[in-house]
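Have a look at the structure below before the remarks.
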Amino acid sequence: MYAYVSDPDFEIAPFGLAKHRGRIQAQGSKLEESVAWNRDTPSTVSEGLAMVDELEVKLSETDRKLRKTEFEKARKFINNAGNVNGVDAPVSNTYQVKNTKHERVDVEVKTGKTFVPDPSPAKGKGGFVNDSTP
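For the sequence shown, numbering that gives the first Met the number 0 assigns the number 0 to the initial residue and increments by one for each residue that follows.
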């Protein structure tokens, strides 16, 4: 089994299921699109936000506009997850479009952990940032 991941820097498990799996999806009465992850290491906040962006651009302009608030709620969840060192499975958050029955954005963490804080930027040699100005 292979996992679809659009970014070649993502770690995938080509021969089976990895420890950290999930998906972000947009659903509706005539729509089902998703971006999934299947990795040996947890996805970071930046990677999660990139997955939301990737999903959003897969949709028609009408479907994007309809789910604008729900995509923002998904982004807020991902950012908040990073503030608490990520979230552990199982998680199934649904952001329903107001006044609809089926239109929504879902964030699902099937196994493992995800949306961990991004690594700190690398410091200069010796652990110090060179911030000298001429």
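Even glycine gets a Cβ: it sits at the ideal position worked out from N, Cα and C. Quick caveat, the model's predicted, so the values are computed rather than measured.
Pairing residue 100 with residue 28 gives a Cβ-Cβ distance under 9 Å.
Looking from the CA of residue 110, the closest CA among 102, 90 and 98 belongs to 90. Residue 26 and residue 38 have their C-alpha atoms some 24 Å from each other.
Boundaries of the alpha helix (DSSP H) around residue 72: 67–82. Residue 56 is not bridged by DSSP to any residue. Note on residue 83: under 16 other CB atoms within 10 angstroms of its CB, so exposed under the neighbour-count rule. Taken atom to atom, the span from the alpha-carbon of residue 88 to that of residue 60 is near 32 Å. For the pair residue 30 and residue 58, the CB atoms are nearer than the 9 Å cut-off.
Nearest to residue 33 by alpha-carbon distance, out of 48, 105, 76 and 75, is 105. Counting only residues of its own chain and dropping the five nearest sequence neighbours on each side, residue 77 has a CB closer than 8 Å to the CB of 44, 47, 48, 51, 106 and 114.
According to DSSP, residue 19 shares a beta bridge with 38. Residue 97 counts as exposed, since fewer than 16 other C-beta atoms from the protein chains shown sit within 10 angstroms of its C-beta. Boundaries cannot be given for residue 117, as no beta strand (DSSP E) includes it and DSSP labels it neither H nor E.
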